[in-house]
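Protein chains: 2
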Amino acid sequence: MSNPLTMKLEQFTRFSIAERARLDALAAHPTQTFATGQVILSEGQKAGSIHLVLSGFALRSKTLQDGSRQILAFLIPGDLCDIEVFVLQGMDHDIVAMERTICTLIPIGEMERLLSEYSTLTRALWWSTMTDSAVLRSRIIGQGRRDARERMAHIFYEVLIRYRMIGQGAGDGYSFPLTQQDLADATGMTPIHANRTLQQLRSEGLVEFAIGRLRVLDADGLKQAARFESNYLHLDRTERDADVSGRAGDLA
Amino acid sequence: MSNPLTMKLEQFTRFSIAERARLDALAAHPTQTFATGQVILSEGQKAGSIHLVLSGFALRSKTLQDGSRQILAFLIPGDLCDIEVFVLQGMDHDIVAMERTICTLIPIGEMERLLSEYSTLTRALWWSTMTDSAVLRSRIIGQGRRDARERMAHIFYEVLIRYRMIGQGAGDGYSFPLTQQDLADATGMTPIHANRTLQQLRSEGLVEFAIGRLRVLDADGLKQAARFESNYLHLDRTERDADVSGRAGDLA
DNA sequence: CGTCGGATTGAAGATACTCAACATGAGTGG
DNA sequence: CCACTCATGTTGAGTATCTTCAATCCGACG
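Residue numbers (the working numbering), protein chains in the order written: chain A, 1 to 252; chain B, 1001 to 1252.
In structure tokens form, the structure reads like this:
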């Protein structure tokens, strides 16, 4: 079966049989399972292997000296936690599992071999890191120029799209195991204000946010509320997000 | 003479004579000069060559439909505007020159050859994009968890450090050709509030901000005011920022 | 049944925004 | 040389958004 990384990268490239097999084989490596709340990688750490999320949900977070925390990104299946190890000396933030999360550990050497062997893969991975950067930029725009409601809607919508990229989130919502406190740390507000903002989105009939799960009731409305601009995700081969209510099946 | 890209990358790697020569030779390519305010690359555009800033000052900016603008990053000599062209279909934001700015245009093919030829360079460039991401993340932290004064101080300090990485900014401040409107767009405030925040930093004796030029009067104070955390820049070979008042000369 | 983490509500206060006026300086045309 | 415009910077006053500090509620779990 196709691993979620393959699925994600296929948004961008069409792989040969050999490349695809090689990529899928990554999931065969030994895995490590992390419990809810467990730290996958902590600031300063430099692991000997690269962590690929196979299933579950994790996030990048940074805690400042005064205790305030900022959530930087969400990691869903198919995301690499730390390709940075290739070149940087250590993590500059933490990665924490928000539900039972399984990672494949890819030895650095193995990854290096893979990259030198298949230049298509190198490009695909590069694409992946570039779109990650684009997501970071879009979040800066959000924090700088969007109000609380728009920011929260934007996060919900972005995660929805990303789930759909790996062929999930079509049914009744998707796994989004955050507390309102976490949500506040992601959007840069206080938990109180996050609560009220959430209530607003609920009352507008856009989303339902039960603990651990988000259900998008009105995707178009949510997109509008977020003032979402689609182009930054650089989806080459997909329908983009014109039809989010649509079929997950034909992404593969 | 060494081009600013070489200088920057040497923060991370030590190059062989051949590699260094090859890298320096990039500056020999045809250049293009942009006037103040001129758009170097605009959203949606996909140029046939990669733009490397040789001298001047530019920024990445994104204008939303409602006219509000967010400045995403500053580009100083040694920065690449659009390595993304390798893998993405086009720019998702604009790049604008803020003073007379000279770019080398490196044909994509040439860059590809360079990368396949010298794996050290590939790594070094990878390091560069990774640190760029780290800067983006730090800005998210800023927008989310720092107040106006801290945000502005942070931007000033970050640019100071980055200038020092390329061996500049030691004397009486550095080129920072922004209006208060631009500063507001970078920090996510209104120009009025940017003005007042700036006045505060001035009255505290931390900086002087004449038009087009920033002078840091009290680097340590500024760092403190920004609640700056040094590690995210991943400076391997330099003194980091322990001694910002110090000597630019021995960076090379 | 009590405790505990999360969610929710209220009210007061701070930070940052809006709107509007005014100052300053560079550049332009009469 | 002066009047004019225009972009930038500055200041004031009123307002909105978001925060702080409480208190309360609720369901899960021992």
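Here a beta-carbon is modelled for each residue, glycine too, at the ideal position from N, C-alpha and C.
Comparing alpha-carbon positions, which option in the options lies nearest residue i?
{"i": "glycine 78 of chain A", "options": "A:Ile140, A:Tyr118, A:Arg202 and A:Leu52", "result": "A:Leu52"}
{"i": "glutamate 110 of chain A", "options": "A:Leu214, A:His29 and A:Leu201", "result": "A:His29"}
{"i": "tyrosine 232 of chain A", "options": "A:Glu19, A:Asp220, A:Val216 and A:Gly142", "result": "A:Gly142"}
{"i": "leucine 1054 of chain B", "options": "B:Ile1017, B:Phe1015 and B:Ile1102", "result": "B:Ile1102"}
{"i": "leucine 1183 of chain B", "options": "B:Phe1012, B:Phe1156, B:Trp1127 and B:Tyr1174", "result": "B:Phe1156"}
{"i": "arginine 123 of chain A", "options": "A:Glu10, A:Ser203, A:Ser2 and A:Asn3", "result": "A:Glu10"}
{"i": "glutamate 1229 of chain B", "options": "B:Arg1151, B:Asp1218 and B:Ala1210", "result": "B:Arg1151"}
{"i": "glutamine 1032 of chain B", "options": "B:Thr1104, B:Arg1020 and B:Thr1179", "result": "B:Thr1104"}
{"i": "glutamate 158 of chain A", "options": "A:Ala219, A:Ala148 and A:Gly44", "result": "A:Ala219"}
{"i": "alanine 1306 of chain B", "options": "B:Arg1215, B:Gly1037, B:Asp1147 and B:Leu1005", "result": "Given a span of 1001 to 1252 for chain B in the structure shown, any question on residue 1306 of chain B remains unanswerable."}
{"i": "threonine 1187 of chain B", "options": "B:Leu1214, B:Gln1070, B:Val1096 and B:Arg1113", "result": "B:Gln1070"}
{"i": "glutamine 1224 of chain B", "options": "B:Gln1045, B:Gly1173, B:Arg1149 and B:Phe1074", "result": "B:Arg1149"}
{"i": "methionine 1007 of chain B", "options": "B:Ser1068, B:Glu1043, B:Ile1076 and B:Phe1034", "result": "B:Ile1076"}
{"i": "isoleucine 1083 of chain B", "options": "B:Phe1074, B:Gly1067 and B:Ser1049", "result": "B:Ser1049"}
{"i": "alanine 266 of chain A", "options": "A:Phe176, A:Gln168 and A:Asn3", "result": "An answer regarding residue 266 of chain A cannot be provided, because it is not within the stretch 1 to 252 covered by chain A."}
{"i": "valine 85 of chain A", "options": "A:Gly205, A:Gln45, A:Ser133 and A:Gln200", "result": "A:Gln45"}
{"i": "glutamate 208 of chain A", "options": "A:Ala153, A:Ser2, A:Leu23 and A:Arg20", "result": "A:Ala153"}
{"i": "serine 2 of chain A", "options": "A:Ser68, A:Arg202, A:Phe15 and A:Asp24", "result": "A:Asp24"}
{"i": "alanine 1035 of chain B", "options": "B:Leu1072, B:Ser1068, B:Ala1047 and B:Glu1099", "result": "B:Glu1099"}
{"i": "cysteine 1081 of chain B", "options": "B:Ala1210, B:Asp1066, B:Leu1125 and B:Leu1114", "result": "B:Leu1125"}
{"i": "glutamine 181 of chain A", "options": "A:Gly212, A:Gln168 and A:Ser203", "result": "A:Gly212"}
{"i": "alanine 210 of chain A", "options": "A:Glu19, A:Arg137 and A:Tyr174", "result": "A:Tyr174"}
Taking Cβ-Cβ distances shorter than 9 Å, what residues in chain A pair up with residue i?
{"i": "tyrosine 1195 of chain B", "result": "Residue identity differs from the one stated: residue 1195 of chain B is asparagine in this sequence, not tyrosine. By Cβ distance, chain A contributes nothing, its closest Cβ being about 17 Å from asparagine 1195 of chain B, past 9 Å."}
{"i": "lysine 1223 of chain B", "result": "Going along chain A, no residue has its Cβ under 9 Å from lysine 1223 of chain B, so there is no contact; the nearest lies around 13 Å."}
{"i": "arginine 1227 of chain B", "result": "Leu64, Gln65 and Asp66"}
Just the chain A side, please: which residues come within less than 7 Å of residue i by C-beta, in chain order?
{"i": "valine 1087 of chain B", "result": "Arg123, Trp126, Trp127 and Met130"}
{"i": "tyrosine 1232 of chain B", "result": "Asp92"}
Just the chain B side, please: which residues come within less than 8 Å of residue i by C-beta, in chain order?
{"i": "aspartate 82 of chain A", "result": "Residues of chain B passing the Cβ test: none, with the nearest at roughly 11 Å."}
How would you list, in chain order, the residues of chain B whose beta-carbon sits under 7 Å from the beta-carbon of residue i?
{"i": "glutamine 180 of chain A", "result": "Within 7 Å Cβ-Cβ: nothing; glutamine 180 of chain A doesn't reach chain B, min ~16 Å."}
{"i": "tryptophan 70 of chain A", "result": "Reading off the sequence shown, one finds glutamine at residue 70 of chain A, where the question assumed tryptophan. Here the neighbours are Ile1140, Ile1141, Gly1144 and Arg1145."}
{"i": "glycine 109 of chain A", "result": "The contacting residues do not exist; glycine 109 of chain A stays about 14 Å from chain B at best."}
{"i": "glycine 188 of chain A", "result": "Gln1143, Gly1144 and Arg1145"}
request  = Pull out every residue of the segment 134–166 of chain A whose Cβ sits closer than 7 Å to any Cβ of chain B, in chain order.
outcome  = Ala134, Leu136, Arg137, Arg139, Ile140, Ile141, Gln143, Gly144 and Arg145
task = Assess, as a yes-or-no matter, whether the segment 1086–1106 of chain B is touched by the segment 1055–1074 of chain B under the definition of 3 or more beta carbon pairs within less than 8 Å.
result = yes
ask   = Looking at C-beta atoms only, is the number of pairs between the segment 159–168 of chain A and the segment 107–120 of chain A that lie closer than 8 Å three or more?
value = no
request  = Only counting runs of 4 or more residues, tell me where the alpha helix (DSSP H) segments fall wholly within the segment 155–230 of chain A, in order along the chain.
outcome  = 180–187, 191–203 and 219–226
task = Kindly confirm or deny that the segment 182–200 of chain A and the segment 1018–1028 of chain B touch, where touching means at least three C-beta pairs closer than 8 Å.
result = no
key: Residues in the segment 203–218 of chain A having any Cβ partner in chain B nearer than 7 Å   = none
ask   = Which of the residues in the segment 41–57 of chain A, read from start to end, lie with their CB under 7 Å from any CB of chain B?
value = none
key: Every unbroken beta strand (DSSP E) inside the segment 1076–1152 of chain B [3 residues or more]   = 1094–1097 and 1101–1107
query = Is the segment 32–45 of chain A in contact with the segment 127–141 of chain A, if contact means three or more CB pairs nearer than 8 Å?
reply = no
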